[in-house]
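Residue 242 in this note's numbering sits at position 185 of the sequence shown, and the numbers go up by one each step.
For glycine and all other residues, C-beta sits at the position ideal for the given N, C-alpha and C.
As the structure is a prediction and not an experimental result, all values here were calculated from the model.
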Amino acid sequence: MSEYKIDTRLWSTKAKNLTPYVPGEQPQHDNLCKLNTNENPYPPSPKVAAAISAELAEQATSLRLYPAPESDTLRQTLAEIYGLQTEQVFVGNGSDEVLALVFASFFMKERPLLAPDISYSFYPVYAETFGVELVQIPLRQDFSIDSDDYRQPCSGVIIANPNAPTGLLLSLEVINKLATEHPNAVIVIDEAYIDFARADDGQEVSAVSLINEHDNLLVTQTFSKSRSLAGLRVGMAFGNVSLIEALTRMKNSFNSYPLDKLAQAGATASLQDTEYFAQVCSDVIDLRNTMTAGLQQLGFTVLPSHANFVFARPPAGDAAIIAATLREQGIIVRHFNQPRLNEYLRITVGTAEQNQRLLDALGALAS
Ligand SMILES: *Cc1c(COP(=O)(O)O)cnc(C)c1O
């Protein structure tokens, strides 16, 4: 790429001014301990590959024909599992695409969108892409959200819960309060990591349980993390039928077939293997707790994570140096070079072996 000279003369003003999101890198070499993009350490349910093979084997129809434009079977299966109507479910090519359609459908308005200043770094990118004014509300010193700071005129609020990159969980009481206080704004809860979250008292943590009470509440989720299907690109949104209809209209004004046949078949099969899913989530939570304890033993400060990653500060706060040193040993973690975050590392929970390799490497650095 670098050998070409890029000429932007023919680009639109929009294209010239974009600042695209930079995803965590996907380096390709052997024996790499890749703990930087929050992928699941376990493979997807074996039923996914079986369903995709079966779909491909439908010689007469399969890939020759267009897929179901509204992914009906997948949406019906999601509706059954989450106790909703099919009309309350939307699916897209990864939740990133769903979020893009959310910005276009609900936030391209006069009033600004509110989001925490530390959150998923794609939100400011979408805001710019769609010309949405984004007001970033500072988190408290301990990285928690103060819902009182959100009492201001807005077209909507978007919050990742658990938040990224902190892993902290916001209670349903607070989400309930936000939705009640903003009847004329769309409250979007991005639950990319919710399947790894557990309340201390065993209560429900997902805002999907509040959808029937608030017609302005939209919850997004993804198959990328808890279902080990980042490569298949499937995400979803749950909400009131009118919100879902807006998303469907926006989708059909952009791409009628965002989910191919293999993705629809694979995602549906993944949902049907409920036992496998529950096991993977609980195993990842166990691995996260072991990793947290190991890091604490090395003197790290670890925020209480409800996700499949931990956000941890090394004792000397020299996170950038540690990330660079780990990289030389083939261990990749994420470091954010920005105020308040730069003393921390975001470390994806890997397999037991990967986590041990990380802890051993950190231990050797410390001694
Ligand atoms: C990973 C992630 C997404 C995107 O998920 P995809 O379905 O893979 O596009 C969205 N939001 C947050 C907070 C994430 O961490």
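In whole angstroms, what is the alpha-carbon distance linking residue i and residue j?
i	j	result
Y139	S128	16 Å
S204	T118	51 Å
I194	Q116	53 Å
L65	V182	A quick correction: the sequence has Thr, not Leu, at residue 65. Computed Cα separation, rounded: 20 Å.
V337	Q198	33 Å
L316	S152	12 Å
Q209	D340	41 Å
Y207	Y61	46 Å
V262	P396	30 Å
F160	D417	43 Å
Q145	Y99	30 Å
G420	L383	11 Å
I379	A287	27 Å
S313	V189	24 Å
V276	L120	31 Å
I175	A114	46 Å
D272	K73	38 Å
P240	D87	52 Å
Can you name, in chain order, every residue of its own chain whose Cβ lies under 8 Å from the Cβ of residue i, other than the five neighbours on each side?
i	result
A439	It is not possible to answer for residue 439, since the shown part of the chain is limited to 58 through 424.
Q260	L229
S266	L229
H84	Residue identity check: residue 84 is Pro in the sequence provided, not His. Contacts found: K91 and I389.
R255	V262, I342 and H363
P126	N309, S313 and Y314
Starting from the C-beta of residue i, find all residues in its chain whose C-beta is less than 7 Å away, skip the five residues before and the five after it, and write them out in chain order.
i	result
L133	According to the sequence shown, residue 133 is Gln rather than Leu. The answer, listed in chain order, is T143.
A423	L355
T76	V182 and E185
G224	L360, S362, H363, A364, F366, V367 and F368
L328	T134, L135 and I138
E400	R370, G374 and A376
N95	K282, N365, F366 and T405
Could you name the residues of the same chain whose beta carbon sits closer than 6 Å to that of residue i, not counting the 5 residues immediately before and after it, in chain order?
i	result
N93	G81, I389, V390 and R391
D330	S102 and K104
A322	A108, I109 and E112
Y177	A217 and A221
G149	V155, G292 and P315
G213	F163, F164, L170, A242 and V243
F334	none
T325	T130, L131 and T134
E167	none
Y78	F179 and V182
Counting along the chain, where does the alpha helix (DSSP H) carrying residue i start and finish?
i	result
M307	V298 to K308
I232	L229 to E238
R414	A409 to A423
V182	F179 to T186
A72	T70 to N74
Quick check: is the beta carbon of residue i nearer than 8 Å to any beta carbon in chain D?
i	result
A157	You won't find chain D in this structure, because it holds only one protein chain.
For the beta strand (DSSP E) containing residue i, name the first residue and the last one.
i	result
Q278	L274 to T279
D247	V243 to D247
A217	G213 to A217
Y209	Going by the sequence as given, residue 209 is Gln instead of Tyr. From DSSP, Q209 is part of no beta strand (DSSP E); its letter is neither H nor E.
I194	L191 to I194
L170	L170 to P173
Chain-ordered residues, beta carbon under 5 Å from a heavy atom of ligand 1: G151, S152, D153, Y177, A217, A221, D247, A249, T279, S281 and G292
Hey, which unbroken runs of the alpha helix (DSSP H) at 4 residues or more fall wholly within the region 129 to 156? 129 to 139
Contiguous alpha helix (DSSP H) assignments of at least 4 residues, all confined to the region 78 to 132: 103 to 114
Considering only residues of the region 359 to 414, which uninterrupted beta strand (DSSP E) runs meet the minimum length of 3 residues and lie entirely inside it, listed in chain order? 366 to 370, 388 to 390 and 402 to 405
Beta strand (DSSP E) segments (min. 3 residues) lying fully within the region 315 to 351: none
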